[in-house]
Amino acid sequence: MNSKRTWIEKFSDFVSGKGFYLVVLICVAAIALSGYYLVRGVRGSLEDSPDQPVAGSAAIVDRPSAAPTPSAQPAPKPTDPPAGASARITLPPASAAPAPSAQPAPSAVPSHAPAPLVFTWPVKGTVIADISVETLAYSETMGDWRTHDGVDIAAPLGTQVLAAANGTVSKLDQHDLMGTVVEIDHGQGLVSRYANLAAVPTVSEGDKVTTGDIIGSVGETAAFESTMQAHLHYELLKEGTPVDPADYLPKQ
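Under the working numbering, residues 83 to 334 are what the sequence shown spells out, in order.
Printed below as a string of structure tokens:
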């Protein structure tokens with residue numbers, strides 16, 4: 083008997099043994115490879131002719147889909163207007179302005195300006211000697227020529243002497259030549275001086291007086307005018323310099 087086996091017999095033994103599974107695996111791989119190339123060919127043909135109608139009928143089922151959730155989108159950036167176009171700027175609506183609240187009326191600011199002075203004649207009478215500060219005047223009592231810093235107003239002894247304007251009594255004096263003297267500071271640099279008064283005035287230093295207040299009476303205490311008729315010697319000084327009282331007193 084010939085022990086040499088043919089290849090057909092060997093293959094048959096292989097297939098009947100473990101080789102059977104290998105053959106099945108090869109067949110499955112061949113089928114998968116054939117399917118891959120088939121699907122690829124069909125897809126390629128569809129891509130090459132997209133406008134070809136597909137044979138057969140298609141049914142479309144309308145199913146409501148859930149509304150997409152709106153996502154926060156960034157605000158669009160303003161773009162420049164085209165050349166030649168007028169730019170339009172949209173402003174946000176103006177908010178209503180708050181109604182003004184009632185404010186208290188401002189209080190009047192007190193004025194620090196001094197009140198104007200109102201003058202009156204200290205006595206009513208005739209001026210018997212005028213002011214003379216630049217030229218010398220003859221003094222009958224002294225018998226010489228000298229300046230005269232005020233005016234002499236004739237008035238009977240005891241005639242009440244009035245404050246010529248508002249002010250403060252700044253000085254009481256017993257002068258050797260001018261006799262009893264009262265000075266009143268009117269402010270604004272003005273001081274009035276009343277001489278040849280009776281010995282005892284009716285005011286004291288520091289008293290506040292107003293225009294027309296009684297400050298004393300006509301006397302005969304001025305030694306350098308003792309030969310003259312009864313009168314009031316009245317002076318008005320501006321910043322310490324004698325001035326003409328007629329420039330301040332009303333007309334008689």
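Even for Gly, the Cβ is constructed at its ideal location relative to N, Cα and C. On a predicted model such as this, the values are computed, not experimentally measured, just so you know.
- Judged by DSSP secondary structure, P324 falls within the beta strand (DSSP E) whose first and last residues are T323 to V325.
- For the region 222-280, not one full-length alpha helix (DSSP H) segment reaches 4 residues or more.
- Distances from the CA of T208 to each of Y330, K320 and L314 were compared; the closest alpha carbon is that of L314.
- Relative to G271, the option among S308, P198, L244 and V285 whose CA is nearest is P198.
- Per DSSP, reduced to three states, the secondary structure at Y330 is coil, with no helix or strand assignment.
- Given a length threshold of 3 residues, each whole run of the beta strand (DSSP E) inside the region 275-310 is given here in chain order: 296-299.
- Judged by their CB atoms, I266 and S286 are not nearer to each other than the 9 Å cut-off.
- Under the three-state reduction of DSSP, V205 is assigned to coil, being neither helix nor strand.
- In the three-state reduction of the DSSP assignment, L115 falls in the helix class, which pools H, G and I.
- Between V273 and L319, the beta carbon gap of about 5 Å places them in contact (Cβ cut-off 8 Å).
- Straight across, the Cα-Cα distance linking A280 with P238 is about 12 Å.
- The criterion of a C-beta distance shorter than 9 Å is not satisfied by L244 and V300.
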